[in-house]
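Trainee: Please read through the structure below; I'll follow up with questions.
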Amino acid sequence: MSKVFVTRQIPQPGLERLKEHVEVEVWPDQDPPPRSMLLERIAGCSGVLTMLSDRVDDEFLDAAGPNLRGVANFAVGYNNIDVAAAKARGVHVGNTPGVLTNATADTAIGLILAAGRCFRPAIHNVEKHQWRNWEPMMFLGQEFEGKTLGIIGMGRIGLTVAKRMRGGWGMRILYTSRSAKLQAGRDLDATHVQLDELLASSDVISLHCPLTEQTRNLIGEKELAKMKPNAVLVNTARGEVIDQMALANALANGQLFAAGLDVTTPEPIAADHPLRDLPNCLILPHIGSATWQARNQMSMMAAVNLLAAMKGTPMPFAVSPA
Ligand code: NAP
Ligand code: GLV
Ligand code: GLV
Numbered sequence: 275m276s277k278v279f280v281t282r283q284i285p286q287p288g289l290e291r292l293k294e295h296v297e298v299e300v301w302p303d304q305d306p307p308p309r310s311m312l313l314e315r316i317a318g319c320s321g322v323l324t325m326l327s328d329r330v331d332d333e334f335l336d337a338a339g340p341n342l343r344g345v346a347n348f349a350v351g352y353n354n355i356d357v358a359a360a361k362a363r364g365v366h367v368g369n370t371p372g373v374l375t376n377a378t379a380d381t382a383i384g385l386i387l388a389a390g391r392c393f394r395p396a397i398h399n400v401e402k403h404q405w406r407n408w409e410p411m412m413f414l415g416q417e418f419e420g421k422t423l424g425i426i427g428m429g430r431i432g433l434t435v436a437k438r439m440r441g442g443w444g445m446r447i448l449y450t451s452r453s454a455k456l457q458a459g460r461d462l463d464a465t466h467v468q469l470d471e472l473l474a475s476s477d478v479i480s481l482h483c484p485l486t487e488q489t490r491n492l493i494g495e496k497e498l499a500k501m502k503p504n505a506v507l508v509n510t511a512r513g514e515v516i517d518q519m520a521l522a523n524a525l526a527n528g529q530l531f532a533a534g535l536d537v538t539t540p541e542p543i544a545a546d547h548p549l550r551d552l553p554n555c556l557i558l559p560h561i562g563s564a565t566w567q568a569r570n571q572m573s574m575m576a577a578v579n580l581l582a583a584m585k586g587t588p589m590p591f592a593v594s595p596a
C-alpha cells in the first residue's frame, strides 16, 4: 500500500480522506521532526504532506527516493520548496490557495489596527499593573479613515485587505504587482504605481507578495527611509521580504510609526533581536491562516493534492516553477 508521511499534526478532514486510500503516518510531536528524522521517515513514501518550515530540496527528494509522486504543502506560500528540482524528478507539488485568504487578510488588518493604535505597549501597561488613570496623552495612535493604503503584491490576500480597508475605512488604494489589476482599478479605484511612489505616499503599507529572489529584502534601509514618519508597516508575507535590522533601526529612530509582523526570519525571531524589545513593533507567531475554517480546508486540499499525484493525475491545486 502507498504510504504518506505528514510532517505535523493537522486538522482531521484531510487525514481521514488520506486514510481511506493510503497508509498514513503523522509526526506525533508538537515540535517538528529533526531533519535527520524527517529524511528517515519519508524514505519510500509516495507522498509527503509538508509544512512551510520543511525544506524540500534535492536532499529531501533523494531521501524520499523513487516512489515519491507528490509533495503537498500545507500553505499557499511554497518558497520552502525547490519546485524545479521536484518537477525534474516527476514529483508533483501543490499548495492551498484561496481557502486561507480571508483569515490572512483579517490578520493583516488586525496588525494594522493593533500596531497603529499602540496595542502592544497598552497591553503591557495592564499586564504589568502600570495602569493608574484614564490618560489623555498615553498610547496615542493613528486613524485610518480616508488615508492611503499601499499594498505590495495585489494577489488574493492583498486584494482582500484592499477591499476591506476601502469598504470599511474608505482608504485610497495604491499597489505594486508584476501586472496591473484591471478589476481592482474598476472596483476599488486602486492605482498601480512604482514602489517608490507607494512608499512615499502610503500611511499604511501591507506586504502580500510571495518570497522570491525579486522580493527578498525588498524593504531595506533605503525603502524605509522613503516612508512617512507616521506610516504603519505590516508583514503577513514572509520575514525575508524585510531587512529586519534596518526595520529595527527605522522604528527606533522614528522613521516610521509602528510595524506589525506575523512573519519573521528566522521563525521564531532570534531571542536577542532588537525588534523584540521595541514597543512600536508587534510580533505574532505566524498565525495568519490560523482559523478552524481555513486549516480544515487546507488539510482537505493538501490531501486531495496528494491523492491525485499518487493516481498519476495532475494535482488540482498545483504550483509551477518560478
Ligand atoms: P497570490 O494570489 O499569488 O498573490 C501574490 C501577489 O504578489 C501577486 O499579485 C503577484 O503579482 C505579486 N508579486 C509577485 N512578485 C512581486 C514583486 N516582485 N513585487 C510586487 N508584487 C509581486 O498569493 P496569496 O494567496 O495572496 O499569498 C501571498 C503570500 O502571502 C504567500 O506567498 C505567502 O508567502 C503569504 N502568506 C502568509 C500567510 C501567513 O500565515 N502569514 C498566510 C497565507 C499566505 P502578479 O499577480 O502580478 O503576478
Ligand atoms: C502561510 O504562511 C502560507 O503561506 O500559507
Ligand atoms: C472615552 O471613554 C470617552 O467617553 O470619550
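Just so you know, the sequence shown maps onto residues 275 to 596 in my numbering. From the three backbone atoms N, C-alpha and C, an ideal C-beta is built for every residue, glycine too.
1. State yes or no: is the C-beta of arginine 512 within less than 9 Å of the C-beta of asparagine 376?
2. In chain order, what residues place their C-beta within less than 5 Å of a heavy atom belonging to ligand 2?
3. Nearest by alpha-carbon distance to isoleucine 431: which of Lys421, Trp443, Gly494 and Tyr449 is it?
4. Would you say alanine 359 and aspartate 332 are within 9 Å of each other, going by their C-beta atoms?
5. Note down the Cα distance separating glycine 534 from isoleucine 425, rounded to an integer number of angstroms.
6. Could you tell me if glutamine 457 is buried or exposed, where buried requires 16 or more neighbouring beta carbons within 10 angstroms of its beta carbon?
7. Does isoleucine 383 come out as helix, strand or coil in the three-state DSSP assignment?
8. Applying the criterion that 16 or more other CB atoms from any shown protein chain within 10 Å of the CB defines a buried residue, is glutamine 286 buried or exposed?
9. Nearer than 8 Å: is that true of the beta carbon of tryptophan 301 relative to any heavy atom of ligand 3?
10. Report whether the distance from the Cβ of alanine 592 to the nearest heavy atom of ligand 1 is below 8 Å.
11. Three or more beta-carbon pairs under 8 Å between the segment 312-321 and the segment 337-348, yes or no?
12. Could you tell me which residues DSSP puts in a beta bridge with asparagine 504?
13. Under a three-way DSSP split, which group does threonine 375 fall into?
14. When you compare each of Met589, Met572 and Ala583 to valine 350 by their alpha carbons, which one comes out closest?
15. Quick check on DSSP: helix, strand or coil for leucine 423?
16. Is it the case that the CB of tryptophan 405 approaches a heavy atom of ligand 3 more closely than 8 Å?
17. Where does aspartate 451 sit, in a helix, a strand or coil, going by DSSP?
18. Are there any heavy atoms of ligand 1 lying less than 8 Å away from the beta-carbon of proline 285, as far as the coordinates show?
19. What first and last residue would you give for the beta strand (DSSP E) that runs through leucine 535?
20. Nearest-angstrom Cα distance between glycine 441 and arginine 460?
21. So, is isoleucine 397 buried or exposed, given that buried needs 16 or more other C-beta atoms within 10 angstroms?
22. Looking only at its chain, what residues have a beta carbon closer than 6 Å to the beta carbon of methionine 584, apart from the 5 residues adjacent to it on each side?
23. Report yes if the C-beta of leucine 462 is less than 8 Å from at least one heavy atom of ligand 1; otherwise report no.
Mentor: In short:
1. Within the sequence shown, the letter at position 238 stands for residue 512. Within the sequence shown, the letter at position 102 stands for residue 376. Cβ distance not < 9 Å, so arginine 512 and asparagine 376 don't count as in contact.
2. Taking each Cβ in turn, the ones that pass are Ala349, Val350 and Gly351.
3. On the sequence shown, residue 431 is found 157 positions in, with the first residue counted as 1. Checking every option, the nearest Cα to that of isoleucine 431 belongs to Tyr449.
4. The residue you call residue 359 lines up with position 85 of the sequence shown. The residue you call residue 332 lines up with position 58 of the sequence shown. For alanine 359 and aspartate 332, yes; Cβs fall inside 9 Å.
5. Here residue 534 is taken as the residue at index 260 of the sequence shown, counted from 1. Here residue 425 is taken as the residue at index 151 of the sequence shown, counted from 1. Straight-line Cα distance between these residues: approximately 14 Å.
6. Your numbering for residue 457 matches position 183 in the sequence shown. With fewer than 16 Cβ atoms within 10 Å of its Cβ, glutamine 457 is classed as exposed.
7. Within the sequence shown, residue 383 is the residue found at index 109, counting from 1. Correct three-state label for isoleucine 383: helix.
8. As a position in the sequence shown, residue 286 is number 12, starting the count at 1. By the 10 Å Cβ count, glutamine 286 comes out exposed.
9. For the purposes of this step, residue 301 is taken as residue 27 along the sequence shown, with counting starting at 1. Not so, every heavy atom of ligand 3 lies at least 8 Å from the Cβ.
10. As a position in the sequence shown, residue 592 is number 318, starting the count at 1. In this structure, alanine 592 has its CB at a distance of at least 8 Å from all heavy atoms of ligand 1.
11. yes
12. Here the question's residue 504 lines up with position 230 in the sequence shown. Paired residues: none, contrary to the question.
13. In the sequence shown, the residue the question calls residue 375 occupies position 101. DSSP places threonine 375 in helix when its eight states are reduced to three.
14. One-based indexing of the sequence shown puts residue 350 at position 76. The option with the nearest alpha carbon to valine 350 is Met572.
15. The residue given as residue 423 occupies position 149 in the sequence shown. It is a strand residue.
16. Here residue 405 refers to the residue found at position 131 when the sequence shown is read from its first residue. No, since every heavy atom of ligand 3 falls outside the 8 Å radius drawn around the Cβ of tryptophan 405.
17. In the sequence shown, counting from the first residue as 1, residue 451 sits at position 177. Here the sequence assigns serine to residue 451, which means aspartate is not the residue at that position. Correct three-state label for serine 451: coil.
18. Within the sequence shown, residue 285 is the residue found at index 11, counting from 1. It does not: the Cβ of proline 285 is nowhere closer than 8 Å to a heavy atom of ligand 1.
19. Residue mapping note: residue 535 aligns to position 261 of the sequence shown, counting from 1. Going by DSSP, leucine 535 is part of the beta strand (DSSP E) stretching over 532-535.
20. In the sequence shown, residue 441 corresponds to position 167, counting from 1. In the sequence shown, residue 460 corresponds to position 186, counting from 1. Each residue's alpha carbon lies about 14 Å from the other.
21. Taking the sequence shown and counting its residues from 1, one reaches residue 397 at position 123. The residue is exposed, with fewer than 16 neighbouring Cβ atoms inside 10 Å.
22. Locating residue 584 in the sequence shown gives position 310, where the first residue counts as 1. Contacts found: Ser276, Ser320, Gly321 and Arg343.
23. Sequence index remark: in the sequence shown, residue 462 carries index 188 (1-based). False, no ligand heavy atom lies under 8 Å from that Cβ.
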